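These notes concern the structure reproduced below.
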Amino acid sequence: MSRFLSEKYKGLTPYTPGEQPKERKYIKLNTNESPFPPSKKAVEYAARAAESAELYSDPEAKRLVAKLSELYDVSPECVICVNGSDEVLNFAFMAFCDRDNGAIFPNITYGFYSVFASLNGVPYTEIPLDDQFNINVEDYVGKNKTIFIANPNAPTGIALSLDEIERIVKSNPDNVVVIDEAYVDFGAESAVWLTKKYDNLLVTQTFSKSRSMAGARLGFGIGSPALIADLNMIRYSTNPYNVNSMTMAAGLGVLEDEEYTRENCKRIMENREYAAGELKSLGFSLTDSKANFLFAKHEKIGGGELYSKLRERGILVRHWQKPIISDYNRITVGSLGQMQALIAAVKDILEEKK
Ligand code: PMP
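Numbering-wise (my numbering), the sequence shown opens with residue 152 and increments by one.
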């Protein structure tokens, strides 16, 4: 830390991203990326856009917004495009929270929420999940706080129903409820259509998971025109060119290739069920994940030990030291071949423990 750092950031603990090691080729099951390449159309469009990279990107992302609004059946003023959904989540903390209007979210959830709260000087309360890692909906009813919920939740993968989401949104009419749908395409129900009914609901999604574009950094938010106008005000006050032209074009390409996305999601869900079944038969307990990852623990081996042993065998998964979840690992669902390699390695590790 330099002696120049602003007082307000001195206590900040930044988010720790999953490892992206380059020294060795790992089977990467640690950051919930897609095992499939981006759509060919996305790559083609991005390459074409690169030829005009001397120009700034469209600050209104008009074509992309139009395509998203068509696909999600909302009007264009209900959509904002961002540099990865992390950006719109940060914007939401900036726009809808302050010292007097704090945030609430589960104690086990996406680690960036508490970082964004601290970054923006927003007081926050973490609501404990129940002992099965479920969100208790009643804990979020009539709270008078800005609410952040990942649905499905991370790293558990457990999803709330649309009725449960609606109960939370309806009971907090004077506060924004942000539903982070980064993983919704793998089997949960999207709350997008509820944004037409409730002006306090913001839904965020990403191109990083189901659309195989994590490295391109593209996300979006859907909400009432007034909420989106607030977020755009923040965006124009930070970086109007937040989405670069290559990414914007790639986004359009993949949206014109929805069948590819749907097919990939189907394959991930099949691979998830395969891997979950195998892990269960090896004695693992798993949450009911509706995401592109599994959350698993085994009585005979600690979470940290399994993580290290898999790493030695060239497989990366995600492990947290946080006591409530330290017995677990979060394992990204990859290709069938990757899942088979994972199962073989796990069998080997368990055999060694005998
Ligand atoms: N929300 C959740 C729950 C996530 O796990 C992630 C990915 N780490 C994000 C949002 C952000 O994704 P991105 O910025 O790549 O869109």
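Each residue gets a CB set at the ideal place from its N, CA and C atoms; glycine is no exception. Treat the numbers as computed from the prediction; the structure is a model and nothing was measured.
Those residues that have a beta carbon less than 5 Å away from any non-hydrogen atom of the ligand PMP are, in order along the chain, Gly235, Ser236, Asp237, Tyr261, Ala301, Ala305, Asp331, Ala333, Thr357, Ser359 and Gly370.
Around the beta carbon of Tyr261, 16 or more other beta carbons lie within 10 angstroms, which makes this residue buried. The straight-line gap separating the alpha-carbon atoms of Val239 and Cys232 is approximately 8 Å. Around the beta carbon of Val328, 16 or more other beta carbons sit within 10 angstroms, so the residue counts as buried. Counting along the chain, the unbroken alpha helix (DSSP H) around Ala246 starts and ends at Ser236 to Phe247.
Around the beta carbon of Asn390, fewer than 16 other beta carbons lie within 10 angstroms, which makes this residue exposed.
With respect to the 7 Å criterion, Leu467 and Asn183 are not classified as neighbours on the basis of their beta carbons.
Using a Cβ-Cβ distance cut-off of 8 Å, the segment 274 to 283 and the segment 348 to 357 are not in contact, since fewer than three pairs of beta carbons, one from each stretch, lie closer than that value. For the set Glu409, Ile309 and Asn393, the Cα lying nearest the Cα of Gly235 is the one of Asn393. Taken atom to atom, the span from the alpha-carbon of Asp209 to that of Ala377 is near 21 Å.
Following the DSSP letters along the chain, one finds Glu277 inside the beta strand (DSSP E) bounded by residues Tyr275 to Ile278.
DSSP, reduced to helix, strand and coil, places Phe263 within a helical segment of the structure shown. For Ala496, the uninterrupted alpha helix (DSSP H) segment begins and ends at Leu487 to Lys504.
Tyr196 and Gly402 have their C-alpha atoms spaced approximately 9 Å apart. For Asn252, the secondary structure class from DSSP, reduced to helix, strand or coil, is strand. Per the coordinates, the alpha-carbon of Gly370 lies some 43 Å from the alpha-carbon of Lys504.
In the structure shown, the three-state DSSP call for Ser436 is strand. Runs of the beta strand (DSSP E) lying entirely within the segment 326 to 395, each at least 3 residues long, are 328 to 331, 352 to 357 and 370 to 373 in chain order.
Note: His449 is bridge-paired with Phe435 and Ile452 in the DSSP secondary-structure output. Between Pro186 and Gly485 the beta-carbon gap is near 4 Å, inside 8 Å, which marks them as a contact. Counted as a single uninterrupted DSSP element, the stretch harbouring Tyr196 is not any beta strand (DSSP E) but the alpha helix (DSSP H) occupying residues Lys191 to Ala201. Secondary structure at Arg418: helix, using DSSP grouped into helix, strand and coil.
In the structure shown, the three-state DSSP call for Ile319 is helix.
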